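In the numbering used here, the protein residues as written are 1 to 183.
Ideal Cβ positions, reconstructed from N, Cα and C, are used throughout, including at glycine.
Keep in mind it's a predicted model, so treat the numbers as computed, not measured.
Input: a single structure, listed below in C-alpha cells.
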Amino acid sequence: MEKKYNKIKRGFSLVEVLISLLVLSIGISSVLFLMTANTKNSINAKNQIIASELAQEGIELVRNLKDNGEATLDALNALGSPYNDKRIDYTSSALNMGVGTDKRLYLNGGFYTHTNGAGSVPTKFYRTIYLTVTGTKALSTREIEVTSYVTWKNNGFASITGFPGTCNIANNCVSVKAVFPDL
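Dropping the structure here:
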C-alpha cells in the first residue's frame with residue numbers, strides 16, 4: 001500500500017514576522033515623529049505671527065502718540081535719556097516706565113496690554129520700545145527712529161544674551177523699525 005503524504009502548507013516563519021513588525025514599527029515611528037515636528041513648527045509659526053503683529057502694534061501706538069503731538073522730542077526728554085526700554089499700551093496716552101519694569105503682555109478682553117488687571121490672562125509675549133533721535137530741529141533734519149521688540153521667551157528680554165543686538169527668530173524675538181520725522 002502506498003502512503004499519500006499531504007503537502008505541508010507553509011506559513012510565515014518567525015523571522016519573517018519579526019522583520020515585518022520591525023519595518024512597520026519604524027514606519028509608524030517616523031510618521032509620529034513627523035507629526036510632532038509639524039505641530040511644534042506650527043506653534044512656533046503662530047507665535048512668530050502674533051509677535052510680529054504685536055511689534056507692529058507698538059510702532060502704530062507710538063505713531064498715534066506722535067500724531068497727537070505727544071511724542072515730540074520735548075516729550076521724549078521728559079522720559080529721560082536714553083529713550084529705550086519703554087512700554088506702551090493702547091490704553092495709555094504716553095510712553096512710560098523704563099528699565100527694570102515688567103514688559104509682559106496680558107490678554108484682557110481680546111486686547112494685549114501691560115496692565116495685569118481683573119480678568120487679565122498672562123501671555124508668553126513681552127514688548128519693549130526703543131527710540132533713537134537723530135539730526136537737529138534747527139535744520140529740520142531731526143528724526144525719531146522707533147524700534148518695537150517682542151519676544152516670547154520664558155523670561156522675556158532678560159533671557160536673550162546681548163539684547164537688542166541679538167533679537168532674531170532663533171532667540172524667539174522679532175523687531176519692527178520705523179522712522180518718523182519730528183515735526
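Query                                                                                                                        : Result
Anticipated Cβ contact below 8 Å, Gly156 with Tyr126, distance rounded                                                       : 4 Å
Counterpart residues of Glu16 in DSSP-defined beta bridges                                                                   : None; Glu16 has no bridge partner.
The stretch 148-155 / the stretch 163-171 touching (three or more Cβ pairs under 8 Å)                                        : yes
Chain-order list of residues whose beta-carbon lies under 8 Å from that of Val121 (same chain, five-residue window excluded) : Tyr106, Leu107 and Asn108
Nearest to Pro181 (by Cα), restricted to the options Asn171, Asn172 and Thr141                                               : Thr141
Reference Gln56, options Val17, Thr132, Ile88 and Asn38, closest by Cα                                                       : Ile88
Spatial distance of Lys177 from Asn171 (CA atoms)                                                                            : 18 Å
CB of Ile59 within 7 Å of CB of Val146, strictly                                                                             : yes
Phe180, DSSP secondary structure in three states                                                                             : strand
Under 7 Å between C-beta atoms of Thr134 and Glu143                                                                          : yes
Own chain residues within Cβ distance below 6 Å of His114, not counting five before or after                                 : Arg87 and Asp89
Top-ranked residue by Cα proximity to Val174, from Phe111, Ser30, Asn47 and Lys40                                            : Asn47
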